[in-house]
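In the UniProt record's numbering, the protein residues as written are 1 to 410.
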């Protein structure tokens with residue numbers, strides 16, 4: 001199985017702002033002790049565990065060569081530092097502590113993630129150790145980290161299980177996104193087109209030399225989710241040529257055997273990301289993370305069964321959107337079924353679930369968060385709902401309209 005990195009980079013898309021972290025010219029070894037533990041290695045970098053001599057705190061020291069293939073790559077290293085500084089307030093991006101420089105290397109002193117790579121959770125032997133709810137939480141955190149980057153016009157372009165670390169393994173900690181050497185700034189006047197990355201994780205637009213967008217990172221998140229759920233890599237072939245063919249044709253195994261222990265909602269989530277057209281149905285991180293929480297998958301299954309009839313968009317803990325109070329166009333007929341449905345919603349709808357709508361409603365939707373039968377009964381007096389599609393992983397995706405005033409829901 002070949003994992004050779006496909007790399008043909010230019011310097012387009014680099015941040016040009018000078019990093020704020022001072023470059024210390026002192027001898028790194030005067031302040032830190034290197035342990036024998038190697039955390040990662042690439043062609044032009046090695047990461048090793050180190051311990052601060054003054055505090056005893058553990059860190060990861062990333063040694064980056066300033067010259068690569070005879071070329072000065074200082075600008076790319078400064079870009080990586082600038083991206084880490086840009087994301088310093090994001091809890092799911094690795095934290096930069098200090099920077100040292102000598103004649104041949106720049107050394108980044110980074111937060112130490114003791115749990116190692118989430119690639120270890122993709123191995124078949126740990127299949128019974130990680131639940132789907134654990135995977136939900138990890139993917140949610142990855143989406144939150146990537147959303148933060150995208151909000152700052154940064155695409156990672158090398159998201160893979162080896163570049164997602166865990167703060168701890170027992171108990172299962174939080175994720176930390178690392179390795180921004182291939183990240184680029186987008187949104188400039190010129191389009192970003194580059195061929196880079198590890199073969200089995202390349203997006204179709206990278207292979208086709210098409211413009212790179214934030215959707216490229218979403219493809220990689222789909223691969224990571226697939227590997228965590230099935231413990232197999234979706235596109236890897238016997239050689240690079242077969243791998244590239246699998247990617248370009250989106251040859252993905254969704255067989256019952258491969259997904260035997262994976263819920264339909266999780267399968268739908270992966271399928272919504274592993275699509276060839278980046279301008280098509282690939283979701284943004286914001287739309288996938290909005291309000292999701294661990295345990296939501298089970299809740300969605302319950303709601304899917306109980307919300308009948310119900311035509312709503314359900315999110316967890318999302319912001320409430322309400323229109324001005326307005327009576328419905330028609331006064332609906334209240335039936336015993338409507339009342340029963342309202343009570344069942346009240347009994348099962350967890351605190352924090354809200355109806356998102358642009359349709360003017362005759363009551364304040366902020367009250368929906370209260371698990372009160374009376375409130376839901378009141379809602380039933382004005383609106384009858386009907387569900388049109390299954391509740392997807394973490395979010396509902398359906399076309400909805402009020403049965404009485406005919407306004408479309410958000």
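Note that CB positions come from ideal geometry on N, CA and C, so glycine has one too.
Local Cβ density within 10 Å of residue i, reported as buried at 16 or more and exposed below that
| i | result |
| --- | --- |
| residue 213 | buried |
| residue 103 | exposed |
| residue 220 | buried |
| residue 69 | exposed |
| residue 137 | buried |
| residue 205 | buried |
| residue 62 | buried |
| residue 67 | exposed |
| residue 115 | buried |
| residue 215 | buried |
| residue 160 | buried |
| residue 37 | exposed |
| residue 183 | buried |
| residue 16 | exposed |
| residue 168 | exposed |
| residue 123 | exposed |
Three-way DSSP call (helix, strand, coil) for residue i in this model
| i | result |
| --- | --- |
| residue 37 | strand |
| residue 129 | coil |
| residue 50 | strand |
| residue 150 | helix |
| residue 275 | coil |
| residue 493 | It is not possible to answer for residue 493, since the shown part of the chain is limited to 1 through 410. |
| residue 411 | Nothing in the structure corresponds to residue 411, since the chain is present only between 1 and 410. |
| residue 308 | Only weak support is given to the placement of residue 308: the predicted model assigns it a pLDDT of 28, under 50, and the value that follows is read from those uncertain coordinates. Residue 308 falls in the coil class under three-state DSSP. |
| residue 109 | strand |
| residue 416 | No statement about residue 416 is possible, as the shown extent of the chain runs from 1 to 410 and does not include it. |
| residue 413 | Since the first and last residues shown for the chain are 1 and 410, residue 413 lies out of range. |
| residue 136 | helix |
| residue 77 | helix |
| residue 85 | helix |
| residue 175 | strand |
| residue 17 | coil |
| residue 254 | coil |
Residue nearest to residue i in terms of C-alpha spacing, selected from the options
| i | options | result |
| --- | --- | --- |
| residue 32 | 18, 56, 69 | 56 |
| residue 28 | 53, 124, 40 | 53 |
| residue 91 | 173, 76, 229 | 173 |
| residue 275 | 240, 238, 161, 202 | 202 |
| residue 12 | 239, 49, 75, 238 | 75 |
| residue 152 | 248, 95, 87 | 87 |
| residue 230 | 171, 198, 261, 15 | 261 |
| residue 428 | 179, 60, 148 | It is not possible to answer for residue 428, since the shown part of the chain is limited to 1 through 410. |
| residue 270 | 218, 130, 93 | 218 |
| residue 149 | 108, 177, 196 | 177 |
| residue 171 | 209, 129, 154, 198 | 129 |
| residue 20 | 50, 78, 49 | 78 |
| residue 254 | 248, 245, 264 | 264 |
| residue 34 | 49, 247, 272 | 49 |
| residue 144 | 175, 186, 196 | 175 |
| residue 45 | 200, 106, 247, 97 | 106 |
| residue 24 | 117, 97, 266 | 97 |
| residue 40 | 133, 112, 277 | 112 |
| residue 272 | 236, 258, 225 | 225 |
Where the beta strand (DSSP E) containing residue i begins and where it ends
| i | result |
| --- | --- |
| residue 59 | 58–65 |
| residue 97 | 96–101 |
| residue 164 | 164–166 |
Min CB distance residue i to chain D below 9 Å
| i | result |
| --- | --- |
| residue 127 | Going by chain labels, chain D is absent from the structure shown, which holds only one protein chain. |
Check: Taking the runs of the alpha helix (DSSP H) that are 4 residues or longer, which of them lie wholly in the segment 197–252?
Finding: 204–207, 215–230, 240–248
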